[in-house]
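Those protein sequence lines, which keep their order, are chains A and B. Using my numbering, the first residue of the first sequence is number 13, and each one after it goes up by one. Using my numbering, the first residue of the second sequence is number 13, and each one after it goes up by one. C-beta atoms are modelled at their ideal positions from N, C-alpha and C, and glycine is treated no differently. What follows is a set of notes on a single structure, which appears directly below.
Protein chains: 2
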Amino acid sequence: MVQIKPFNVEQWMDKYETTATHNLAESCSDSLSLNALLSLGGHTLSNLPFPFSSIPLTYGHIRGSPEFRQNVAALYPPQSSNDGLLPALPAENVLITPGAIAANFLVFYTLVGAGDHVIVMTPTYQQLHSVPASLGAEVEEWKLRPEEGFKADVEVLREMVRKPGSDGKGGTKLIVITNPNNPTGVIHPTAALKEIVSIAQSCGNVPILSDEVYRPLFHNPDIPAPASILDIYSHGIATGSLSKAYALAGIRVGWVAARQSRVIQACATARDYNTICVSMLDDAVAAYALSKGIVEKLLERNVALCKRNWSIVDRFFGSGGGIDGVRFKTSYTRSSGGTILFVRLTDRDGVPIDDKSFCHDLHTRTGVLLVPGGFCFGSEFKGYLRMGYACNTKVLEEGLEKIRNFLKEF
Amino acid sequence: MVQIKPFNVEQWMDKYETTATHNLAESCSDSLSLNALLSLGGHTLSNLPFPFSSIPLTYGHIRGSPEFRQNVAALYPPQSSNDGLLPALPAENVLITPGAIAANFLVFYTLVGAGDHVIVMTPTYQQLHSVPASLGAEVEEWKLRPEEGFKADVEVLREMVRKPGSDGKGGTKLIVITNPNNPTGVIHPTAALKEIVSIAQSCGNVPILSDEVYRPLFHNPDIPAPASILDIYSHGIATGSLSKAYALAGIRVGWVAARQSRVIQACATARDYNTICVSMLDDAVAAYALSKGIVEKLLERNVALCKRNWSIVDRFFGSGGGIDGVRFKTSYTRSSGGTILFVRLTDRDGVPIDDKSFCHDLHTRTGVLLVPGGFCFGSEFKGYLRMGYACNTKVLEEGLEKIRNFLKEF
Chain A
13 MVQIKPFNVE
23 QWMDKYETTA
33 THNLAESCSD
43 SLSLNALLSL
53 GGHTLSNLPF
63 PFSSIPLTYG
73 HIRGSPEFRQ
83 NVAALYPPQS
93 SNDGLLPALP
103 AENVLITPGA
113 IAANFLVFYT
123 LVGAGDHVIV
133 MTPTYQQLHS
143 VPASLGAEVE
153 EWKLRPEEGF
163 KADVEVLREM
173 VRKPGSDGKG
183 GTKLIVITNP
193 NNPTGVIHPT
203 AALKEIVSIA
213 QSCGNVPILS
223 DEVYRPLFHN
233 PDIPAPASIL
243 DIYSHGIATG
253 SLSKAYALAG
263 IRVGWVAARQ
273 SRVIQACATA
283 RDYNTICVSM
293 LDDAVAAYAL
303 SKGIVEKLLE
313 RNVALCKRNW
323 SIVDRFFGSG
333 GGIDGVRFKT
343 SYTRSSGGTI
353 LFVRLTDRDG
363 VPIDDKSFCH
373 DLHTRTGVLL
383 VPGGFCFGSE
393 FKGYLRMGYA
403 CNTKVLEEGL
413 EKIRNFLKEF
Chain B
13 MVQIKPFNVE
23 QWMDKYETTA
33 THNLAESCSD
43 SLSLNALLSL
53 GGHTLSNLPF
63 PFSSIPLTYG
73 HIRGSPEFRQ
83 NVAALYPPQS
93 SNDGLLPALP
103 AENVLITPGA
113 IAANFLVFYT
123 LVGAGDHVIV
133 MTPTYQQLHS
143 VPASLGAEVE
153 EWKLRPEEGF
163 KADVEVLREM
173 VRKPGSDGKG
183 GTKLIVITNP
193 NNPTGVIHPT
203 AALKEIVSIA
213 QSCGNVPILS
223 DEVYRPLFHN
233 PDIPAPASIL
243 DIYSHGIATG
253 SLSKAYALAG
263 IRVGWVAARQ
273 SRVIQACATA
283 RDYNTICVSM
293 LDDAVAAYAL
303 SKGIVEKLLE
313 RNVALCKRNW
323 SIVDRFFGSG
333 GGIDGVRFKT
343 SYTRSSGGTI
353 LFVRLTDRDG
363 VPIDDKSFCH
373 DLHTRTGVLL
383 VPGGFCFGSE
393 FKGYLRMGYA
403 CNTKVLEEGL
413 EKIRNFLKEF
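Now the structure itself:
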């Protein structure tokens, strides 16, 4: 058996989410039904603008349909960058996968081998460090710190990254970042990304994998939307999906997009061994969701939902001061992108709560589900809770009141 | 980059299949549309007997919906076996994956590590030996020979398999078989399977992974349907999907089913790192396809299609004698299960054709696509062609005539 640790956040969700009445652990935007999606374009199941129920369910287009790949490529328009002007991304540089989780896995399985040096920005989605470790890589964590607002301290990265030797070997194989970040909801701005790219360039163009699954849910009016890694680096690799920002987790489609065609070709070669293709039904729905006229409405809905719900959450947690009527203190960095907040609860003496037993008891007694931060993202995050706030607003408001009442008796 | 070779058969299909007019390379039963599937139960898209377009597209049930898992479990009824009576498979012992290819990959990623000894029956689907090799395993091929009708010579296996030492280490980690076989269409009968199981048992219950993706397409009235590995071995692991036997390749659902709950648990732990869940749309369609009253009609259609088309193919190839009107000789073992035939073409002097250039030229000049056997299944199969015959009967008949005319001028 390969040495892979349990994926705590996924196991936590699997264990509790079907019995939660108020799921505030979920990190997806409030999921749409197929009918609700179609209604954005004035369509119904009996009036579909794309082939769906009448086409034979073959494997179809192995790398994803041309329409879907083109619509994904359109998310990466031409940009001026560290590397000069980067043109619009060709559809050929997009490879469709069954979800962003499969996209990330594929990049590791393709690019990382035993002994390779991989730097992973943490805290993050556990997959991003556990999978390269399971493949035998030497994984080094680039730890972001709460006391610095989870900002990317590029000087730490500069110390960590390795140049290849004169034989071309021994250099860092891959740098992995998440933007917007999971679990903190923090955005790494374009200026910071450009510094990261400069460091990667100075070490022989180390590829940067950027998990951008929460992109483009940017809802803090004080912070400009950051660049995609594909906008600023010719050795950038971005992964994404329709689960978080597009509210369609139930269709399993994601993508690897890369500036280097040979990276896509290598991923396609490896992908032949675990995928063949994605669902033809999902591909058709996804192409529709990302089509012109629909994608704008979809994002407008979800950004508005995040903005509205964030203000409710921020008010509830007293903007980091404390929760009205209870004795616990709260601290967090503002979540500016994506759907999640990483909040620390301490008692009057500054002692953090036991996040795992807290979340377990909260679920048992109230039906509200949260993700325990210390248990799922590393012991240095004891007392932290990850809350997804892009659910239905009423569910959020009810869930928060239940948390308040629970805390009063805690 | 991991050391993984190009997956020749998948790359071949990807390169040629969208431009083929007569795709006789395809190994799926003639794919149904959603409408055609629904019509088997007298349903339509506006009259669906399951929730589909109105449910929010969340991740849903992480391991697959209870209905779908139960319907898969029902494919493995109680059996008396080498290990005594094996009860009906519980739904908990089924784990849903995005296709059988993902199921096989998951079993390897979960059970096989660097240095492990893995025995793989060949010729077979390339994934089954290339993936464990890419994970660092010592892969030994158990080669089946055309001159023996591709029968499983268990004495060869007996010599190959390794008992664990006194420290419990060094034993064979996994035995991998394919039944019905790809690319030969040969069935390994229950008696042979029981001998394989005995050998595995004598070496400390080595798990046997049986890729049963072509099951239960048994269409040779002279050969009884063989057991599933789950019917006869408590350490058996079976993989399957809806692509081949159920004519629904475009929905990406497959499964790992195992008698040992801990194997399913270990696979579920590893699966958290590359899957989360399958498409909610696909899951609903798949549960319907395998439901009582539908699954029987689906199999009846596909078995009848295989039976009818096999007789056309067998007549065309002169039952292994030669093709009427052309100078080439043919030889093959009867395809008794699944959808594919592995046929060798030689000229009058007994020299095999160059399968790769033959298939390339055939496609270019006639639009007929076949899979070159030597190129895709190993150089010892020079001159072999893999033909899928479970396509639409008219396409098959036209394609065969085009092959005849091509051969006349070859």
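According to the DSSP assignment, A/VAL143 belongs to the alpha helix (DSSP H) that extends over 139-146.
Residue burial is scored here from C-beta neighbours: B/PRO233 has fewer than 16 other C-beta atoms within 10 angstroms and is therefore classed as exposed. Annotation: the continuous beta strand (DSSP E) that includes B/PHE354 extends over 352-358. Along the segment 279-318 of chain B, the beta strand (DSSP E) does not occur as any fully enclosed run of 3 or more residues.
Counting other Cβ atoms within 10 Å of its Cβ, B/GLU38 reaches 16 or more and is therefore classed as buried. For A/ARG274, the number of other beta carbons within 10 angstroms of its own is below 16, and it is reported as exposed.
Per DSSP, A/SER51 is one residue of the alpha helix (DSSP H) stretching across 46-51. Look at A/ASN83 here: in three-state DSSP terms it is helix. Identification of chain A residues near B/ILE113 by a Cβ-Cβ cut-off of 9 Å yields ASP284, TYR285, ASN286, THR287, ILE288, ordered along the chain. A contact between stretches requires three or more CB pairs, one per stretch, nearer than 8 Å, and the segment 381-397 of chain A fails this requirement with the segment 19-37 of chain B.
Relative to the Cα of B/ARG313, the nearest Cα in the group B/LEU107, B/PHE230, B/THR56 belongs to B/PHE230. Using a Cβ-Cβ cut-off of 9 Å, A/ASN47 counts as an interface residue toward chain B, since at least one Cβ of chain B sits closer than that to its own. Between A/ILE189 and A/ALA204, the alpha-carbon positions lie close to 12 Å from each other.
B/HIS129: not part of any alpha helix (DSSP H); member of the beta strand (DSSP E) spanning 129-134, first to last residue. Cβ neighbours of B/ASN404 within its own chain (closer than 7 Å, five residues either side excluded): ASP42. In this structure, the CA atom of A/VAL132 is about 9 Å from the CA atom of A/LEU221. Here the segment 183-201 of chain A lies against the segment 233-248 of chain A, with 3 or more beta-carbon pairs under 8 Å apart.
When A/VAL130, A/ARG81, A/ASN116 are compared, the shortest CA-CA separation from A/ILE108 is found for A/ARG81. If you check each beta-carbon in the segment 98-125 of chain A against every beta-carbon of chain B, the ones closer than 7 Å belong to PRO110, GLY111, ILE113, ALA114, PHE117, TYR121, THR122, LEU123, GLY125.
For A/TYR71, the C-beta contacts it makes with chain B under 7 Å involve ALA261, GLY262, in order along the chain. Along the segment 397-410 of chain A, none of the residues has a CB nearer than 9 Å to a CB of chain B. Cβ-Cβ distances below 7 Å link B/PHE340 to GLY334, LEU357, THR358, ASP359, LEU419 in the same chain, with the five nearest sequence neighbours on each side left out; the list follows chain order. The beta carbon of A/GLU79 sits closer than 6 Å to those of ALA299, all from its chain and outside the five residues before and after it, given in chain order. With a threshold of 9 Å between beta carbons, B/PHE389 makes no contact with chain A. Membership of A/THR190 in any alpha helix (DSSP H) is not indicated; the residue belongs instead to the beta strand (DSSP E) covering 184-190. When rounded, the separation of the alpha-carbon atoms in B/GLU421 and B/THR378 is 12 Å.
Shown here for B/MET399: same chain residues with a beta carbon closer than 6 Å to its own, the five before and five after excluded, namely LEU36, LEU353, LEU382 in chain order. For B/ASN105, the secondary structure class from DSSP, reduced to helix, strand or coil, is helix. For the segment 66-93 of chain A, the set of residues with a beta-carbon nearer than 9 Å to any beta-carbon of chain B comprises SER66, ILE67, PRO68, LEU69, THR70, TYR71, GLY72, HIS73, ILE74, ARG75, in chain order. Around B/SER142, the beta-carbon contacts reaching into chain A at under 8 Å are TYR285.
Contact fails between the segment 300-311 of chain B and the segment 116-123 of chain A, because fewer than three Cβ pairs, one in each stretch, are under 8 Å apart. A direct Cα-Cα distance of roughly 14 Å separates B/PHE19 from B/TYR28.
Under the DSSP assignment, B/LEU242 falls outside any beta strand (DSSP E), being part of the alpha helix (DSSP H) whose first and last residues are 241-244. The DSSP assignment places complete beta strand (DSSP E) segments of no fewer than 3 residues inside the segment 364-403 of chain A at 396-400, in order along the chain. By the C-beta density criterion, B/ARG75 is buried, having at least 16 other C-beta atoms within 10 angstroms.
Think of a sphere of 8 Å around the beta carbon of B/LEU44: the chain A residues whose beta carbon falls inside it are PRO68, LEU69, in chain order.
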